[in-house]
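Peer 1:
Numbering (our numbering), first residue to last: 43 to 258.
Written out as structure tokens, the structure is:
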């Protein structure tokens with residue numbers, strides 16, 4: 043009997059949104075210039091609550107395998123360590139384009155034989171223009187260009203601020219669904235977005251520090 047490894051997309055998104063929480067902890071332990079502060083921790087928790095409100099808590103039942111959940115949590119922890127590790131390229135003065143090219147090339151070399159073993163050789167005759175367009179969009183825009191931006195922002199903004207993007211993924215998905223798929227935005231979505239915005243402002247800290255200084 044095979045162990046089920048499926049997981050609902052909502053639960054997967056919530057678990058993935060825990061990335062900034064792990065990043066704050068890991069960066070605080072390993073980076074002297076990204077120490078955790080009470081305001082950062084509060085901001086991350088507020089943002090996480092906003093994500094949960096927007097997506098909703100799915101029912102936890104037999105279809106949500108513990109193994110699948112642990113795999114996603116392990117992935118979020120890996121994101122945190124990857125962001126912290128990537129900071130070393132700034133000190134080495136490595137161009138972000140070179141770093142991104144090295145990462146995606148190495149990933150392709152590792153995954154290509156695994157993909158061929160699992161999926162088999164693709165039938166080139168069945169690949170149409172739409173398929174090539176999707177591959178171009180995913181490979182060039184959503185991966186190559188995205189990772190150049192990733193490493194540039196990592197060098198300037200730090201690991202904690204960079205990985206806050208996982209809090210914005212549900213916001214983008216819900217807004218695009220409303221604009222392109224005629225999905226309905228509910229009050230809870232706006233409340234969730236407001237909480238995420240509040241959490242991001244707390245993590246950034248500048249607006250909050252200004253208010254404290256003005257009161258003083």
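C-beta atoms are modelled at their ideal positions from N, C-alpha and C, and glycine is treated no differently. Fair warning: this is a prediction, and the values are worked out from it, not measured in the lab.
Where do the N-terminal and C-terminal ends of the alpha helix (DSSP H) with residue 139 fall, by residue?
Peer 2: 138 to 161
Peer 1: List the whole-angstrom C-beta distance separating residue 122 from residue 64, where the pair is believed to meet the contact cut-off of C-beta under 8 Å.
Peer 2: 4 Å
Peer 1: What is the residue span of the alpha helix (DSSP H) that residue 224 lies within?
Peer 2: Per DSSP, residue 224 belongs to no alpha helix (DSSP H) and is neither H nor E.
Peer 1: With the cut-off set at 8 Å, would you say residue 201 and residue 129 are in Cβ contact?
Peer 2: Yes, the pair counts as a contact, with Cβ atoms nearer than the cut-off.
Peer 1: DSSP three-state call for residue 244: helix, strand or coil?
Peer 2: helix
Peer 1: Taking its Cβ as the centre, do 16 or more other Cβ atoms sit within 10 Å of residue 230, making it buried, or is it exposed?
Peer 2: exposed
Peer 1: Candidates 132, 204 and 174: which alpha carbon is nearest residue 188's?
Peer 2: 204
Peer 1: For residue 71, count the other beta carbons within 10 Å of its own beta carbon; 16 or more makes it buried, fewer makes it exposed. Which is it?
Peer 2: By the neighbour-count definition (other C-beta atoms within 10 Å, threshold 16), residue 71 is an exposed residue.
Peer 1: Would you identify the three-state DSSP class for residue 91, choosing helix, strand or coil?
Peer 2: Residue 91: helix per DSSP, three-state reduction.
Peer 1: Check whether the stretch 74 to 91 touches the stretch 217 to 228, counting contact only when three or more Cβ pairs, one atom from each stretch, lie closer than 8 Å.
Peer 2: no
Peer 1: Contact between the stretch 84 to 96 and the stretch 232 to 240: three or more CB pairs below 8 Å?
Peer 2: Segments in contact, yes.
Peer 1: For residue 96, is the classification buried or exposed, using 16 other Cβ atoms within 10 angstroms of its Cβ as the cut-off for buried?
Peer 2: buried
Peer 1: Give the straight-line distance between the Cα atoms of residue 165 and residue 158, rounded to the nearest whole angstrom.
Peer 2: 12 Å
Peer 1: By the three-class DSSP mapping on this structure, what secondary structure does residue 200 have?
Peer 2: Coil, per DSSP.
Peer 1: Quick check on residue 162: buried or exposed, where buried means 16 or more other Cβ atoms within 10 Å of its Cβ?
Peer 2: exposed
Peer 1: Please classify residue 208 as buried or exposed, where buried requires at least 16 neighbouring CB atoms within 10 angstroms.
Peer 2: buried
Peer 1: Pick helix, strand or coil for residue 56, following the three-state DSSP scheme.
Peer 2: helix
Peer 1: In or out: residue 62 buried (at least 16 other Cβ within 10 Å) or exposed?
Peer 2: Residue 62 comes out buried.
Peer 1: DSSP state of residue 102, grouped into three classes?
Peer 2: Its pLDDT being 49, under 50, residue 102 is placed unreliably by the model, and nothing is read from it.
Peer 1: Residue 153 to residue 215, Cα distance in whole Å?
Peer 2: 27 Å
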